[in-house]
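In my numbering, the protein residues as written are 305 to 432. Written out below as structure tokens is the structure these notes cover.
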């Protein structure tokens, strides 16, 4: 068999393997967040350098900020504030995630914020 024919047959296989590897990164990140926070996923807040995953269990809300490209320590933060309360914050230089932070919310709305490096996200009042 000529090398051109081998390359033509391997190209689709390599394309599938590459695509499946790229698509598998998002579920791994979500699995990491669910391992850190109990409950059901209530919201995901994506931004350019990461995402904030918000979970609800009973009267509590938990949030964690995940870096899009983990491994390098950089400034990260996550905060959850129940309406009428003070924000619970975790911030510092982390390689993979900030948090989890958990607050008792009862039936109140929450405001969630997250930051990785220079970019951030702010939810506004959610889960009312």
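C-beta: ideal position from N, C-alpha, C; glycine also. Given the structure is predicted, the values throughout are model-derived calculations rather than measurements.
*Does the distance from the C-beta atom of residue 427 to that of residue 416 stay below 8 Å?*
Counting from 1 along the chain shown, the entry for residue 427 is found at position 123. Counting from 1 along the chain shown, the entry for residue 416 is found at position 112. Contact flag set, yes.
*Compute the distance between the beta-carbons of residue 392 and residue 383, then report whether it is under 8 Å.*
In the chain shown, the residue the question calls residue 392 occupies position 88. In the chain shown, the residue the question calls residue 383 occupies position 79. Yes, Cβ-Cβ distance for residue 392 and residue 383 is below 8 Å.
*Quick one, which of 420, 419 and 429 has its alpha-carbon nearest residue 413's?*
For the purposes of this step, residue 413 is identified with residue 109 of the chain shown, where counting begins at 1. Checked all of 420, 419 and 429; the closest Cα to residue 413 is 429.
*Between residue 421 and the rest of its own chain, which residues show a CB-CB distance below 6 Å, the 5 nearest in sequence each way excluded?*
Sequence index remark: in the chain shown, residue 421 carries index 117 (1-based). Contacts found: 353 and 378.
*residue 340 and residue 358: beta carbons closer than 8 Å?*
Within the chain shown, numbered from 1, the residue matching residue 340 stands at position 36. Within the chain shown, numbered from 1, the residue matching residue 358 stands at position 54. No, Cβ-Cβ distance for residue 340 and residue 358 is not below 8 Å.
*Since residue 345 sits in a beta bridge, which residues does DSSP pair it with?*
Position 41 of the chain shown, counting from 1, holds the residue named residue 345. Looking at the DSSP output, residue 345 bridges to 359.
_DSSP bridge partner residues for residue 408 (one or two, in chain order)_ = The count along the chain shown starts at 1 and reaches residue 408 at position 104. Residue 408 pairs with 364.
*Quick one: Cα of residue 355 to Cα of residue 399, how far?*
For the purposes of this step, residue 355 is identified with residue 51 of the chain shown, where counting begins at 1. For the purposes of this step, residue 399 is identified with residue 95 of the chain shown, where counting begins at 1. In a straight line, the C-alpha of residue 355 is about 14 Å away from that of residue 399.
_I'd like to check one pair, residue 372 with residue 343: are the Cβ atoms closer than 8 Å?_
Translated into positions along the chain shown, residue 343 becomes position 39. Translated into positions along the chain shown, residue 372 becomes position 68. For residue 343 and residue 372, no; Cβs fall outside 8 Å.
*State the start and end residues of the unbroken beta strand (DSSP E) segment that holds residue 428.*
On the chain shown, position 124 is the one that residue 428 refers to. Counting along the chain, the beta strand (DSSP E) containing residue 428 begins and ends at 423-430.
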